[in-house]
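S.K.:
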Amino acid sequence: MRSSDYIAHLMTRRRALVWGAVVLLVIACVTILITRLKLDSDVLNMLPSGFSSVEGLKVYNRDFEQTRELTFALLCQPGDVEKLEEFSPQFAEHLRQQPWCERVLAGSPMETPDGIRDLQSIVVPLLMNLEPAEFEKAMSILQPEKIRERLHRLHQQIEAGSPRPQLELEFDPLGLLAPALKPLGQGTAIQEDQPLASSDRTMRIFLAVTKQASMSAFECQRLMREVDQFRARASEGWEGEHLEILVTGRAAYVAEISLSMRHDIIATLLGSILLVGSIFLIGFQRWLPLLGMGFALLLSCLVALALGFLIFNRLNMVTVGFCAILIGLGVDFAILIFGRYQQARGDGESHQGAIATSVAKLGRAVFFGAITTAVGFLALILSGSMGFSQLGVLIAIGILFAGLFMCTILFLFVRERQAPIRHDWLFGVVKKYVRWSVNRPARVLILSTTILLALSAFGFSPSPPLSFDASMRSLEPKNSRASRALESIMHKMPARWEPVLAIVQARDEQELHDDWRKIAAHWSELQAAGKIKSFSTPAALTLSPMWMQKNRERLRAFDFQKVRRSLEETLDAEGFSRDSFAPAFALLDEFQRLVESAVPLPHWREKLPKSSSWWFLIDRYFSKDPLLTTGFATTNAPVATHEQREEIGRDLPVPEVPMVLSGWSFALADLLPWSHRQLLIISGLMAIFDAVFLAFLYRDWRLWVIQEITLAFAVGAMVASMKLLHIPLNLLNVLAFRLVLAIGVDYGIYVVLVWQKASELEHDVAGVIKPVLLAGLTAVSGFASLGLAKNPSLSSLGIACAIGIFWSLAATIFFTLPAAAAAEPKLWREDKTGIS
Amino acid sequence: MHKNILNLVETARCAVHARRLSKMRMAQRAVATITLFAIFASIPASFGDPLSPAEVKSLLARIREKRAAEPQVEADFHEEKIIRLMNKPIVSSGKVSFQAPNKFRREAKGNSPSVTVSDGQQLWIYYPNFKSAERYSLGKRSPLDSVIAAINTALNLENVETTFHITGVKIDPPQAGWELELTPRSPSMKRMFERLHLRINDNLLVEHTEMFQPNGDRIVTNYSKQTRMLIPASTFEFVPPPGTDVTTPLGK
Chain A
1 MRSSDYIAHL MTRRRALVWG AVVLLVIACV TILITRLKLD SDVLNMLPSG FSSVEGLKVY
61 NRDFEQTREL TFALLCQPGD VEKLEEFSPQ FAEHLRQQPW CERVLAGSPM ETPDGIRDLQ
121 SIVVPLLMNL EPAEFEKAMS ILQPEKIRER LHRLHQQIEA GSPRPQLELE FDPLGLLAPA
181 LKPLGQGTAI QEDQPLASSD RTMRIFLAVT KQASMSAFEC QRLMREVDQF RARASEGWEG
241 EHLEILVTGR AAYVAEISLS MRHDIIATLL GSILLVGSIF LIGFQRWLPL LGMGFALLLS
301 CLVALALGFL IFNRLNMVTV GFCAILIGLG VDFAILIFGR YQQARGDGES HQGAIATSVA
361 KLGRAVFFGA ITTAVGFLAL ILSGSMGFSQ LGVLIAIGIL FAGLFMCTIL FLFVRERQAP
421 IRHDWLFGVV KKYVRWSVNR PARVLILSTT ILLALSAFGF SPSPPLSFDA SMRSLEPKNS
481 RASRALESIM HKMPARWEPV LAIVQARDEQ ELHDDWRKIA AHWSELQAAG KIKSFSTPAA
541 LTLSPMWMQK NRERLRAFDF QKVRRSLEET LDAEGFSRDS FAPAFALLDE FQRLVESAVP
601 LPHWREKLPK SSSWWFLIDR YFSKDPLLTT GFATTNAPVA THEQREEIGR DLPVPEVPMV
661 LSGWSFALAD LLPWSHRQLL IISGLMAIFD AVFLAFLYRD WRLWVIQEIT LAFAVGAMVA
721 SMKLLHIPLN LLNVLAFRLV LAIGVDYGIY VVLVWQKASE LEHDVAGVIK PVLLAGLTAV
781 SGFASLGLAK NPSLSSLGIA CAIGIFWSLA ATIFFTLPAA AAAEPKLWRE DKTGIS
Chain B
1001 MHKNILNLVE TARCAVHARR LSKMRMAQRA VATITLFAIF ASIPASFGDP LSPAEVKSLL
1061 ARIREKRAAE PQVEADFHEE KIIRLMNKPI VSSGKVSFQA PNKFRREAKG NSPSVTVSDG
1121 QQLWIYYPNF KSAERYSLGK RSPLDSVIAA INTALNLENV ETTFHITGVK IDPPQAGWEL
1181 ELTPRSPSMK RMFERLHLRI NDNLLVEHTE MFQPNGDRIV TNYSKQTRML IPASTFEFVP
1241 PPGTDVTTPL GK
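As given, the protein sequences belong to chains A and B, one line each in that order. Residues in the first sequence are numbered from 1 upward in steps of one, following the working numbering. Residues in the second sequence are numbered from 1001 upward in steps of one, following the working numbering.
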């Protein structure tokens, strides 16, 4: 028994057995999904691996506290700025009291007594960490004559009315804080911008570190639910006009992205089912086979998803788009198989016989079609992006199963006593067009060639260029509240561009200190040479055990009792209040303790209170692992091109200091060549594969040339449409070109192969153009439904593919068919009848 | 964004430090200029107990009129600064010249002389003993701009009622006159001073001011020999003498 006959037998005589197998398969897949369901919402996993800048971003996002930060912004009307200033402390306190909030930064720590006290508390470790010569110089201020001279001078200045000495004495009574903080000042960019308020005072910023245990999607969703509850009642007590409370931050993004996945699955799947179903219904006017097709496709999705979880353990958010694509592609098989079945029934065959005929005639074509499409999608593995690799593998698995199910399970939904279609208007239209274009190919050819050539010329023309969006915005979710909040904040706050991150990991404290010292020195030279605008490093906060030990030994030379007496006498002589100098006496006591060798060397981490606002600054530089650190170099202009990235890559590193350069702008600029390679080389390889494959398949140079021109027209028109519709390419939708080449070529193959073998044009060619048209439209619909996704990578990829496949279909019908008719003329049946 | 904001926080700390340094200076200037403005006061002879809001408004309107008619004045001053750092008050005296709306010159004499000059855009403080000068630029997005703007508004008495809570009481003879208390409404001004007390004699001239700062410091100033006269424009200009060490604590 032939396999097609066996399948027909199973589908008609062993239906219960087949249903049983289907139920078992569903149970197995659902079990896998329940037990293995793990989703990866990290947008970084959409980017290709193997780039140190991308890996650096992952490290920064994973290991640095900044990921747990949320930025709150209060935005008021211009007339309410005073009210906002008054309301801000109340809001900050309210925020501080939230159970999910660890600490809040509502203003510069220097503006609060606590902030100044905290800074004074770390003066000893910072002083001890000075270079020994600098330490010596700083400590010389404790000589009795220098104490007298300084306090006398400051007293005179106070009497003269200068505000500076009074503040200096309150902040730094002994004169040691300034030299201790000097390295910190040297390693940071000095700006006079207001840090946490907009220049028009209508916006105030609050930074909050949350108590999140992890950055998982569910944890972020839980946190943001609490944050939203807080937002709802946070404006209590506000007496002005509308007060907007904005929130952004990584948790806000993760929560939104993960929630949008649900929307994306439902919207794209329903959109795809609706569009594809409508086209199938219009084409075949049958409900039950439509249901069968939907069932077979959903089963394919389920199997692919289950196998995907088994293979990858966790799936990236972008893979949610595979269902919509699979439906758009898998329906082709249903259309071809069911179309052939209907034709066989129309020719008078029985139900079982028609099934066997359709499987026998098209089973191999469906199988090889599934294989070629699967291979096309498997090529996404070459992208290097985990998200897109998973997408490719899932579609490849799904398309193979779709081919299998369309040849089998679909027929469980086809009734034996189904009447043939009485009036197939679509077939009628197609038949008229085929007859017209076969009889007068020149007219169609001239018209279609003119249009496609013009579009291709416009598309391939360097002017205007197809815009390429390499910005972070191209990867942000659409209609995202967190994104809008960030946009509002960036609009109001002083505009600055993102610095380049330099991540440095050391084995011990001394190495870390030495590394950052070298980096700071090198970056200072770069800044002096005008190669970078500014920089900021943790050099001053990385402790050198070697220097600290040396300085400690030097400390033993001081008689702190004598210093204390000298200070007391000078204060009395100048009329200063001893109580106001309490921090100075405390500092001397601490030095005295350090002289005793049993006391361990101080570390600012232990001195700085956990609640201190200065941790916001420190967390910028230090990860959870104190030996994993980062510095920031602000370039003279935003990093937007690969040339800039190359220049920075040459300038910033220091010999013998392992450093990973990263940052979003830097990483995206780093990926530009990869993206261009995806666009040109990989798409080019696919085109070469198509060319070789077609040459082997057709073995006719004229038809081969026609098919190649068709592909060129399709891609050219696709680019032209993207230019005209202002759809930019981005780092991820460049992958669309290879998919269009892989899928679009199929339509040409169907038509050209049929043309080569056709003996009855009405039966053969018109009979294939209708399914090709329906299949093409369903593929376009499947991809276009991805445009409903909030995930920008998915939606832009879907739209680009939909445009490309549309033009492949159009070029096949309006160029390939008449061109083939012109190259190898054949007579229409009615004409043949007339001649004979 | 977080990085940007944190960077701003971090890198602005020097500016913040400088802002704190300047607050006291600005507060002093505020007191001086408000007081100087009050020297122009020309109040009709009406007596009563605590002034009603309408009476305060009427009083302010007359002060505005007087200032508009005679915008320049000179006076001697005697000032006592009671600050936490010092066991005893710091005493200074000298001469002050003022021209509405925001120009002034203050010359302190004695062992620690100083000259403070503002042309409305810049504020200079010159210390002859140290041959040094401090220069502050006004109106360059400093957080104090709002304070300065509020003070100038007060000096011009434009919307002064919206900037300050103002209360007043009548003083019975022999020291007949009025006492006004100005309490800032905005948090930024509140951070600078808690309240300002003015005493005006029955000739409608200010005799005494007292400013209370949030940290407990206090500045008491007495004025005498107020005269209205034409003052040369050069009085409100300052050019540092050669060899002066000029610093800009708030930056350029």
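Backbone N, C-alpha and C fix where the C-beta goes; we use that ideal spot for every residue, glycine too.
Who does A/N730 pair with in a DSSP beta bridge?
M.R.: A/D469
S.K.: What is the DSSP secondary structure of B/Q1072, reduced to helix, strand or coil?
M.R.: strand
S.K.: May I ask you to list the residues that DSSP assigns as paired with B/S1137?
M.R.: B/Q1122
S.K.: Looking at chain A, is there any beta carbon in it that lies within less than 8 Å of the beta carbon of B/A1133?
M.R.: no
S.K.: Please state the DSSP three-state secondary structure of A/W615.
M.R.: DSSP, read as helix, strand or coil, puts A/W615 in helix.
S.K.: Do A/G249 and the ligand MN come close, with the Cβ less than 7 Å from some heavy atom?
M.R.: The ligand MN is not part of the structure shown, which contains no ligands of any sort.
S.K.: Strictly by DSSP, which residues pair up with A/C29?
M.R.: Looking at the DSSP assignment, A/C29 forms no beta bridge with any residue, so it has no partner.
S.K.: Taking any Cβ of chain B, which residues in the segment 575-599 of chain A have a Cβ under 7 Å from it, in chain order?
M.R.: G575, F576, S577, S580
S.K.: Which partner residues does A/M11 have in the DSSP bridge list?
M.R.: Paired residue(s): none; A/M11 is not in a bridge.
S.K.: Between the segment 791-803 of chain A and the segment 718-729 of chain A, do at least 3 Cβ pairs fall closer than 8 Å?
M.R.: yes
S.K.: With 8 Å as the threshold, decide whether the Cβ of A/A573 is near any Cβ in chain B.
M.R.: Chain B places no beta carbon closer than 8 Å to that of A/A573, leaving this residue out of the contacts.
S.K.: Identify the contact partners of B/A1108 in chain C, using a Cβ-Cβ distance below 8 Å as the criterion.
M.R.: Among the protein chains in the structure shown, which are A and B, there is no chain C.
S.K.: Pop quiz: A/A344 and A/A334 are said to be a contact at Cβ under 8 Å. What is the actual Cβ separation, rounded to whole angstroms?
M.R.: Actually they do not touch by this definition, with Cβ atoms about 15 Å apart.
S.K.: If we count the other Cβ atoms within 10 Å of its Cβ and call it buried at 16 or more, is A/A811 buried or exposed?
M.R.: buried
S.K.: Could you check the C-alpha separation between A/P464 and A/S721 for me, to the nearest Å?
M.R.: Distance between A/P464 and A/S721, taken at the CA atoms: about 12 Å.
S.K.: Going straight from the alpha carbon of A/I325 to that of A/L10, what length do you get?
M.R.: Distance between the alpha carbons of A/I325 and A/L10 is about 30 Å.
S.K.: With distances taken Cα to Cα, identify the nearest neighbour of A/L923 among A/R250, A/P289, A/P653.
M.R.: For residue 923 of chain A there is no data in the structure shown, the boundaries of chain A being 1 and 836.
S.K.: Please list, in chain order, the chain A residues whose beta carbon lies closer than 8 Å to that of B/K1095.
M.R.: Residues of chain A passing the Cβ test: none, with the nearest at roughly 14 Å.
S.K.: I want to verify the contact list: residues of chain B whose CB lies under 8 Å from the CB of A/L169, in sequence order.
M.R.: L1085
S.K.: Buried or exposed: A/K770, going by 16 or more other Cβ atoms within 10 Å of its Cβ?
M.R.: Under this definition A/K770 is a buried residue.
S.K.: Only counting runs of 3 or more residues, tell me where the beta strand (DSSP E) segments fall wholly within the segment 1154-1240 of chain B, in order along the chain.
M.R.: 1164-1171, 1177-1184, 1195-1201, 1206-1212, 1218-1227
S.K.: Nearest to A/S3 by CA position, among A/A360, A/S437, A/L735, is which residue?
M.R.: A/A360
S.K.: Check the DSSP bridge columns for A/W464 and list the partner residues they point to.
M.R.: Correcting the residue type first, residue 464 of chain A is Pro in the shown sequence and not Trp. For A/P464, which the question treats as bridged, DSSP gives no partner whatsoever.
S.K.: Looking at the C-beta of A/R164, does it have a partner C-beta in chain B at a distance below 8 Å?
M.R.: yes
S.K.: By how many angstroms is the C-alpha of B/V1220 removed from the C-alpha of B/M1211?
M.R.: 7 Å
S.K.: What residues of chain A sit near B/T1116, judged by a beta carbon separation below 9 Å?
M.R.: Near B/T1116 (Cβ distances below 9 Å), the residues of chain A are G161.
S.K.: Does the Cβ-Cβ distance between A/V254 and A/R231 come in under 8 Å?
M.R.: no
S.K.: Determine the extent of the beta strand (DSSP E) in which B/Q1099 is found, giving its start and end residues.
M.R.: 1090-1099
S.K.: Secondary structure at B/D1245, three-state DSSP: helix, strand or coil?
M.R.: strand
S.K.: Would you kindly check if the distance between the Cβ of B/E1134 and the Cβ of A/R677 is under 8 Å?
M.R.: no
S.K.: Report the three-state DSSP secondary structure of A/A822 (helix, strand or coil).
M.R.: helix
S.K.: Alpha carbon to alpha carbon, what distance is there between A/V692 and A/K533?
M.R.: 53 Å
S.K.: Look up A/L567 in the DSSP assignment and say whether it is helix, strand or coil.
M.R.: helix
S.K.: What is the residue span of the alpha helix (DSSP H) that A/F218 lies within?
M.R.: 217-234
S.K.: So what does A/A736 bridge to, in DSSP terms?
M.R.: Looking at the DSSP assignment, A/A736 forms no beta bridge with any residue, so it has no partner.
S.K.: Rounded to whole angstroms, how far is the Cβ of A/L711 from the Cβ of A/A687, which I believe are closer than 8 Å?
M.R.: Between A/A687 and A/L711 the Cβ distance is about 7 Å, and since that is below 8 Å, they are a contact.
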